[in-house]
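S.K.: Those protein sequences? They're chains C and S, same order as listed. In our numbering, each residue's number is its place in the first sequence (first place is 1) plus 2. In our numbering, each residue's number is its place in the second sequence (first place is 1) plus 27. Virtual Cβ for every residue (Gly too), placed ideally from N, Cα, C. All of these numbers come straight from a predicted model, not from anything done at the bench.
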Amino acid sequence: GAGVSQTPSNKVTEKGKYVELRCDPISGHTALYWYRQSLGQGPEFLIYFQGTGAADDSGLPNDRFFAVRPEGSVSTLKIQRTERGDSAVYLCASSLNVPSNTGELFFGEGSRLTVL
Amino acid sequence: AQKVTQAQTEISVVEKEDVTLDCVYETRDTTYYLFWYKQPPSGELVFLIRRNSFDEQNEISGRYSWNFQKSTSSFNFTITASQVVDSAVYFCALSEDGGSQGNLIFGKGTKLSVKP
Numbered sequence: 003g004a005g006v007s008q009t010p011s012n013k014v015t016e017k018g019k020y021v022e023l024r025c026d027p028i029s030g031h032t033a034l035y036w037y038r039q040s041l042g043q044g045p046e047f048l049i050y051f052q053g054t055g056a057a058d059d060s061g062l063p064n065d066r067f068f069a070v071r072p073e074g075s076v077s078t079l080k081i082q083r084t085e086r087g088d089s090a091v092y093l094c095a096s097s098l099n100v101p102s103n104t105g106e107l108f109f110g111e112g113s114r115l116t117v118l
Numbered sequence: 028a029q030k031v032t033q034a035q036t037e038i039s040v041v042e043k044e045d046v047t048l049d050c051v052y053e054t055r056d057t058t059y060y061l062f063w064y065k066q067p068p069s070g071e072l073v074f075l076i077r078r079n080s081f082d083e084q085n086e087i088s089g090r091y092s093w094n095f096q097k098s099t100s101s102f103n104f105t106i107t108a109s110q111v112v113d114s115a116v117y118f119c120a121l122s123e124d125g126g127s128q129g130n131l132i133f134g135k136g137t138k139l140s141v142k143p
């Protein structure tokens, strides 16, 4: 489809394992964002990319979290040594330009991560 | 510090009733943007509106209207003649620094249930 695609939609893992979450933005969108949404909370900013570079990674909670976007399109969020507190829905969004002054971020349906 | 407060956790109305969702924000910036997003059960956030800090005009779009008042730091959202399809979680969000930082600060959301 033409929207933001995220895989997997659901991921169950054990504490201490490594996880990768993938985001395929809308074609032509230069900006890509990762957010995390815990149950009953609003989305929380993690990182955003302009092209291949991370323009703002101030929201990454610690060095277990890392994201890449090597060709300026698909992005992968990587979580090392997962903890139960990492359980959440990880949302990806994209927009046509950065700075995103329109505010119209196009979100995917998210990847639900459960750490047992 | 920047903050968005949505005091109403859940609201339940009967179809055709009007409903107002409250949003109060805190920011030190003079230039900022305010947004509303809708999150239906599918989980995909849908952009509804963006307003900048210099434009306090109320806006109406069909059954939706927004009231921005800088004096009370509020940006409330009203749905007129609500419908079952309006059932969703609604998020208010703030972007500081003229929206150039590429990230949004979300409130915790208000879950709206419209019953037939």
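Is it the case that the Cβ atoms of Tyr52 of chain S and Thr32 of chain S are separated by a distance below 9 Å?
M.R.: Locating residue 52 of chain S in the second sequence gives position 25, where the first residue counts as 1. Locating residue 32 of chain S in the second sequence gives position 5, where the first residue counts as 1. Yes, the Cβ-Cβ distance between Tyr52 of chain S and Thr32 of chain S is below 9 Å.
S.K.: Taking C-beta pairs closer than 9 Å, name the residues in chain C that Ala118 of chain S reaches, listed in chain order.
M.R.: In the second sequence, the residue the question calls residue 118 of chain S occupies position 91. Per the sequence shown, the amino acid found at residue 118 of chain S is Phe instead of Ala. Within 9 Å Cβ-Cβ: Gly44 and Pro45.
S.K.: Looking at the structure shown, is Lys138 of chain S part of a helix, part of a strand, or coil, going by DSSP?
M.R.: Locating residue 138 of chain S in the second sequence gives position 111, where the first residue counts as 1. If DSSP states are grouped into helix, strand and coil, Lys138 of chain S belongs with the strands.
S.K.: Leaving out five residues on either side along the sequence, give the residues of the same chain with a beta carbon under 7 Å from the beta carbon of Ser114 of chain S.
M.R.: In the second sequence, residue 114 of chain S corresponds to position 87, counting from 1. Leu139, Ser140 and Val141.
S.K.: Going residue by residue through the stretch 57-91 of chain S, where are the continuous beta strand (DSSP E) segments of at least 3 residues, counting only ones entirely within it?
M.R.: Those beta strand (DSSP E) runs which fall completely within the stretch 57-91 of chain S and span 3+ residues are 59-66, 73-79 and 86-88.
S.K.: Would you kindly work out how many angstroms separate the C-alpha atoms of Ile28 of chain C and Gln35 of chain S, rounded to a whole number?
M.R.: Residue numbering aside, residue 28 of chain C sits at position 26 when the first sequence is read from its first letter. Residue numbering aside, residue 35 of chain S sits at position 8 when the second sequence is read from its first letter. Whole-angstrom Cα-Cα distance: 33 Å.
S.K.: At the 9 Å Cβ level, is Glu106 of chain C part of the contact set with chain S, yes or no?
M.R.: Residue mapping note: residue 106 of chain C aligns to position 104 of the first sequence, counting from 1. Yes, contact with chain S.
S.K.: So, is the C-beta of Leu131 of chain S closer than 9 Å to a C-beta in chain A?
M.R.: Here chain A cannot be found, since the structure's protein chains are C and S.
S.K.: Distance, Cα to Cα, Thr84 of chain C vs Val40 of chain S?
M.R.: Position 82 of the first sequence, counted from the start, is the residue given in the question as residue 84 of chain C. Position 13 of the second sequence, counted from the start, is the residue given in the question as residue 40 of chain S. Each residue's Cα considered, the two are about 41 Å apart.
S.K.: Val126 of chain C touches chain S at which residues, Cβ-Cβ below 9 Å?
M.R.: Missing from the structure shown is residue 126 of chain C; chain C here goes from 3 to 118 and no further.
S.K.: Quick one, which of C:Val117, C:Thr116, C:Ser7 and C:Ser96 has its alpha-carbon nearest Phe74 of chain S's?
M.R.: Counting from one through the second sequence, the residue named residue 74 of chain S turns up at place 47. Out of C:Val117, C:Thr116, C:Ser7 and C:Ser96, C:Ser96 has the C-alpha closest to the C-alpha of Phe74 of chain S.
S.K.: Assign Phe81 of chain S to buried or exposed, taking buried as 16 or more other Cβ atoms, counted over all protein chains shown, within 10 Å of its Cβ.
M.R.: Walking along the second sequence from the start, residue 81 of chain S turns up at place 54. By the neighbour-count rule (16 or more Cβ atoms within 10 Å), Phe81 of chain S is not buried but exposed.
S.K.: Find the residues of chain S that neighbour Gly61 of chain C, judging by a C-beta separation of less than 8 Å, and give them in chain order.
M.R.: Taking the first residue of the first sequence as 1, we reach residue 61 of chain C at position 59. What Gly61 of chain C touches in chain S: Asn130.
S.K.: Which residues of the stretch 15-32 of chain C have a Cβ closer than 8 Å to any Cβ of chain S? Give them in chain order.
M.R.: The stretch 15-32 of chain C vs chain S, Cβ under 8 Å: nothing.
S.K.: Which one of S:Arg55, S:Cys50, S:Glu37 and S:Glu42 has the shortest CA to CA distance from Gln29 of chain S?
M.R.: As a first step, residue 29 of chain S must be located in the second sequence, where it is residue number 2. Taking only the C-alpha atoms, the option nearest Gln29 of chain S is S:Arg55.
S.K.: Ordered along the chain, which non-local residues of its own chain (more than five positions away) have a Cβ less than 7 Å from that of Asp88 of chain C?
M.R.: Position 86 of the first sequence, counted from the start, is the residue given in the question as residue 88 of chain C. For Asp88 of chain C, where only same-chain residues beyond five positions count, the Cβ hits under 7 Å are Ile81, Leu115 and Val117.
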